[in-house]
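Trainee:
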Amino acid sequence: MQSQKVQDNYDNKNSLKFDDKEFIYTWRIKDFQDYYKDIPDRKNDYYIFSEKFSSPGPHITQSNFDPQSYIYKWRLRLRIHGYRDTINNYYYTYPIYDNKSNKISLNLISYDDELKITEENQEINYKFEVIRSNLDNCIIYQHEENEMDIFERKSSEKSLGEIINFFPDQNINSKIDLKIRVYIRVKDKKSQIITSSKLFLPRFIDYFDNGFFSDINFTFDCGSSIKASKIILASRSEYFKTMFNGKWKESKESKIYIKDTKYKIFRYLLKYIYTNELDEGLTLEELKDLYIESDLRNLENLRKMISISIGEMMNVENWEQVLKFGYETDNEGIKYSATLFGINNWEEICAKKQHKELTLDNILSLKLILLNFENTGNHKRIYFLL
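In full-length UniProt numbering, the protein residues as written are 1 to 386.
#1: G161 by DSSP, collapsed to three states: which one?
#2: Is the separation between the beta-carbon of D177 and that of R28 shorter than 8 Å?
#3: Inspect the CB distances between the stretch 218–225 and the stretch 240–258 and report whether three or more fall short of 8 Å.
#4: Round the Cβ separation of S105 and K158 to the nearest angstrom and send it over; I've been treating them as touching at under 8 Å.
#5: Specify the secondary structure class of F23 as computed by DSSP and reduced to three states.
#6: Can you tell me whether DSSP reads C138 as helix, strand or coil?
#7: Per DSSP, which one or two residues make a beta bridge with I310?
#8: Quick check on the DSSP output: the beta strand (DSSP E) that includes F218 runs from which residue to which?
#9: Can you tell me whether G211 is buried or exposed, with buried defined as 16 or more other CB within 10 angstroms of its CB?
#10: Flag this pair as yes or no: are the beta carbons of D279 and K288 separated by less than 8 Å?
#11: Is it buried or exposed, N344, if we count other Cβ atoms within 10 angstroms and call 16 or more buried?
#12: Suppose the cutoff is 7 Å on Cβ atoms and the five residues either side in sequence are ignored; what does the same chain contact list for K127 look like?
#13: Buried or exposed for E348, going by 16 or more other Cβ atoms inside 10 Å?
#14: Less than 8 Å between the beta carbons of Y36 and I172, yes or no?
#15: Helix, strand or coil for D149 per DSSP?
#16: CB-CB under 8 Å to H59, same chain, minus the five flanking residues each way: which ones, in chain order?
#17: Assuming contact is defined by CB atoms lying nearer than 8 Å, are R181 and E129 in contact in what I supplied?
#18: Let me confirm a value: A351 is counted as buried when at least 16 other C-beta atoms fall within 10 Å, else exposed. Which label applies?
#19: For K241, which residues of its own chain have a beta-carbon under 6 Å away from its beta-carbon, when the five flanking residues on both sides are left out?
#20: Do you know offhand how far Y336's Cα is from E253's?
#21: Looking only at its chain, what residues have a beta carbon closer than 8 Å to the beta carbon of S156, apart from the 5 residues adjacent to it on each side?
#22: Pull up the distance between the alpha-carbon of N44 and that of R77, whole angstroms please.
#23: Buried or exposed: K73, going by 16 or more other Cβ atoms within 10 Å of its Cβ?
#24: Would you mind reading off the limits of the beta strand (DSSP E) that contains S254?
#25: What residues in its chain sit with their C-beta under 6 Å from that of E293, if we drop five residues either side in the sequence?
#26: Roughly how many whole angstroms lie between the Cα atoms of K304 and N298?
#27: Please classify E312: is it buried, with 16 or more other beta-carbons within 10 angstroms of its beta-carbon, or exposed?
#28: Among residues of its own chain, excluding the 5 on either side of D209, which ones have a beta-carbon nearer than 6 Å to its beta-carbon?
#29: Quick check on this structure: which residue in M243, L282, L323 and I48 has the alpha carbon closest to the alpha carbon of D31?
#30: Any idea which residues DSSP pairs F53 with across the strands?
#31: Could you tell me the boundaries of the alpha helix (DSSP H) in which I343 lies?
#32: For I205, which three-state DSSP category applies?
#33: Whose CA, out of F53, Y291, F204 and D169, lies closest to the CA of L340?
#34: When burial is assigned at 16 or more other CB atoms within 10 Å of the CB, is I273 buried or exposed?
#35: Return the Cβ separation of I310 and L284 in integer angstroms, given the expectation that the two are a contact with Cβ distance under 8 Å.
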């Protein structure tokens, strides 16, 4: 039995993010073909382990602070199943190896001494996705859409099929990088999934800021303006429905002055209403401003999209302001995402002195980070860096 723990290069670090109640961890394996070809004896099972990572437990506050129930600790394990067959010759018997018969499976394993579900009505759900990332982004394995399995220690291993199918044209000498993603959700057993009709809204991008299809004009301090349709805005936003239903003075106006809001940010907001999509390429500051505007105008789905985008662009240099923003807006998803990033990158954060703005306002996250990191055995060296 052989095993190997994969270390990522700096440019391909494991990524963590938090999508509403769904935690997402991405494990990247560069040059997977080398791991496979270097297996010394394919008659035995061979294991490749990810780095350890943590996912959030149930909602936590200062009054019910318990780091052990807040954090679930995991790692992923790839198992290449050993295979051996024999050929009987007149003179002797010898083994042969067949690449096509090597199976491969993926396992989510807990490295807590005792994994606890804190409430009887909760369960841990998970699903996997395996992508060949460096060539064609080919999806090698994926759970069915909207399908998740219940985590159980003895039955969380999933067969990914024959390893030969991981390689382009079944050529084991081809260079491949793997991107393995696990989605983890702490779910209420009694909850039911409600399909939102908003997912099926049409896109009206061709009518956005188009004078032929507009009856309202938003103006700004900078002198710019945005043309829009009252019907489209009111049909997709309760805020604008209230604005145009006759009770506000704006309902009778054809021109509305937008005060204390940047033109560019308001344009992103209106464009989302027209398309049900968040613009790509926004900076962290733009996302933060847009989050505040979407919160003021009760655009819940847009807030969720922004929270995910903020989590995806988080790095060692900006994680502190992301954490601070999560506390300023009381957004649990952003707080979770930043806290978990701190847990998994604390050594580098301290080395680069990117922890100077931690205050009493976000001390709960700091306690979680330090208590979790203390369990790794590296805390003495890290405290020296503080």
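Positions of the beta carbon are idealized from the N, C-alpha and C atoms, including for glycine. Note that the structure is a prediction, hence the values are computed from the model and not measured.
Mentor: Per the coordinate set shown:
#1: strand
#2: yes
#3: yes
#4: 6 Å
#5: strand
#6: strand
#7: Answer by DSSP bridge pairing: none, since I310 is not bridged.
#8: I216 to T219
#9: exposed
#10: no
#11: buried
#12: H143, E147, M148, D149 and Y183
#13: exposed
#14: yes
#15: strand
#16: With a pLDDT of only 44 at H59, under the threshold of 50, the placement of this residue in the model should not be trusted; the figure read from the coordinates follows. If we look at H59 and ignore the five residues flanking it on each side, its Cβ neighbours are E332.
#17: yes
#18: exposed
#19: A234
#20: 43 Å
#21: N107, L108, I109, Y126 and D149
#22: 16 Å
#23: buried
#24: Taken as a continuous stretch (DSSP letters only), S254 belongs to no beta strand (DSSP E), as it is neither H nor E.
#25: I265 and L269
#26: 11 Å
#27: exposed
#28: I226 and K227
#29: I48
#30: W74
#31: E332 to A351
#32: helix
#33: F53
#34: buried
#35: 7 Å
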